[in-house]
Amino acid sequence: MPEQDTLRRTALILVSVGLVWNLAEAVVAFWAGARAGSVVLLAFGADSVIELFAGGVLVWRLTREQGEMEDEAAEGKAQKLVGITFFVLAAYVLAHSGASLLGWLPRPEPSLVGVGIAVASAVVMSGLYVAKMRVAARMQSRSLRAEAVESLFCDLQDLAVLVGLGFNALLAWWWADPVASLILIPFFIKEGRENFFGDDHEHEGEDEREAVWVCFCRTCFYGLSNCRAACCRA
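As numbered in the working numbering, residues 251 to 484 make up the sequence shown, in order.
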């Protein structure tokens with residue numbers, strides 16, 4: 251299927267661009283964090299490492315040339331592996347934010363490197379999210395959709411750090427950053443559960459209008475909500 255091959259190549263390019271970006275982000279964040287003793291920068295680096303694993307899973311998935319049944323099995327395995335990374339993110343955010351609120355970690359201080367990484371990441375990864383979701387909807391690839399959503403959530407977490415630094419500087423609300431990050435945990439768990447346990451899978455014999463589709467329309471909040479009304483096929 252020429253169209254599917256083209257979409258697969260496009261998806262592989264997008265995932266590879268994300269991998270290169272996350273690798274660069276991790277190296278810069280760990281280097282700058284070690285030099286400055288910044289826990290916030292080290293947290294940026296940890297986020298990037300988790301995203302690197304998810305991206306690596308997608309590269310494995312997209313480079314496999316198999317028959318239809320084997321291809322579906324690879325899709326399911328990739329979706330489960332990406333689902334695990336959502337649980338890892340939830341545990342990491344809970345531990346990091348909890349330690350911050352309990353005073354076990356130093357309070358975040360403004361960092362030009364941290365601000366630069368967060369802003370650049372928001373621009374680059376938001377663009378990649380849109381592009382990946384458009385391709386995922388055309389391919390009906392749940393694993394690509396999961397990897398794209400994870401990148402978006404990590405960006406939201408990075409932006410939460412920026413907001414926290416702003417509130418800390420203006421109002422001395424040092425707790426704003428960890429609290430904002432904690433709000434994301436239910437979304438991480440939801441995505442992890444759906445991808446690991448296969449809640450997003452189509453079930454054989456299920457009514458088409460009740461089946462779950464990968465969708466990138468306004469009704470489905472541009473990929474963040476499950477599409478059960480086949481609106482992406484309308």
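Cβ coordinates follow ideal geometry from the N, Cα and C atoms, glycine included.
Exercise for the section: For the stretch 393-400 and the stretch 408-421, state whether three or more C-beta atom pairs, one from each stretch, are separated by less than 8 Å. Expected result: Counting Cβ pairs under 8 Å, fewer than three are found: no touch.
Exercise for the section: Tell me whether the beta-carbon of residue 305 lies closer than 8 Å to the beta-carbon of residue 295. Expected result: No. Outside cutoff.
Handout entry: Of the listed residues 382, 432 and 344, nearest to residue 268 (C-alpha basis)
Key = Measuring from the Cα of residue 268, the nearest candidate turns out to be 382.
Problem - As assigned by DSSP and simplified to three states, the class of residue 423 - result: The answer is coil: DSSP assigns residue 423 none of H, G, I, E or B.
Problem - Whole-angstrom C-beta distance between residue 307 and residue 328, which should lie under 8 Å - result: Between residue 328 and residue 307 the beta-carbon gap is near 5 Å, inside 8 Å, which marks them as a contact.
Handout entry: C-alpha gap between residue 391 and residue 324, whole angstroms
Key = Distance from the CA of residue 391 to the CA of residue 324, rounded to the nearest whole angstrom, comes to 11 Å.
Problem - Residue closest to residue 339, alpha-carbon to alpha-carbon, out of 468, 444, 431 and 448 - result: If we check each option's Cα against that of residue 339, 431 comes out closest.
Problem - Selected residue, minimal CA-CA separation from residue 272, among 378, 256, 290 and 465 - result: Comparing Cα positions, the closest option is 378.
Handout entry: Cutoff 7 Å; reference residue 253; Cβ partners in own chain excluding five residues on either side
Key = No residues qualify anywhere along the chain.
Handout entry: Beta-carbon proximity check, residue 260 vs residue 303, cutoff 8 Å
Key = Taking 8 Å as the Cβ cut-off, residue 260 and residue 303 do not qualify as a contacting pair.
Practice task
Decide if residue 453 is buried, meaning its Cβ has at least 16 other Cβ atoms within 10 Å, or exposed.
Solution key: Because the pLDDT of residue 453 is 45, which lies under 50, any placement of that residue in the model is unreliable, and the number read from its coordinates should be weighed accordingly. Result: exposed.
Practice task
Taking 8 Å as the cut-off, decide whether the C-beta atoms of residue 408 and residue 368 are in contact.
Solution key: Yes, these two residues count as a Cβ contact at 8 Å.
Handout entry: Rounded Cβ spacing between residue 384 and residue 438 (contact assumed at less than 8 Å)
Key = That pair is no contact at about 23 Å.
Exercise for the section: Determine the direct distance from the alpha carbon of residue 393 to that of residue 463, and round the result to whole angstroms. Expected result: Distance from the CA of residue 463 to the CA of residue 393, rounded to the nearest whole angstrom, comes to 12 Å.
Handout entry: DSSP state of residue 356 mapped onto helix, strand, coil
Key = Collapsing the DSSP output to three states places residue 356 in coil.
Problem - residue 322 classed as buried or exposed, judged by whether at least 16 other C-beta atoms fall within 10 angstroms - result: With fewer than 16 Cβ atoms within 10 Å of its Cβ, residue 322 is classed as exposed.
Problem - residue 297 versus 256, 342 and 380, residue with shortest Cα-Cα distance - result: Per the C-alpha coordinates, the member of 256, 342 and 380 positioned closest to residue 297 is 342.
Handout entry: Supposed close pair residue 262, residue 312 - CB separation, criterion 8 Å
Key = Yes, they are in contact, since the Cβ atoms of residue 262 and residue 312 sit about 4 Å apart, within 8 Å.
Exercise for the section: Within its chain, find whatever has a CB closer than 6 Å to the CB of residue 350; leave out the 5 residues flanking it on each side and keep chain order. Expected result: Apart from sequence neighbours up to five positions away, the residues of its chain that approach residue 350 with a beta-carbon distance below 6 Å are 428, ordered along the chain.
Practice task
Determine the contact status of residue 299 and residue 265, defining contact as a CB-CB distance below 8 Å.
Solution key: No.
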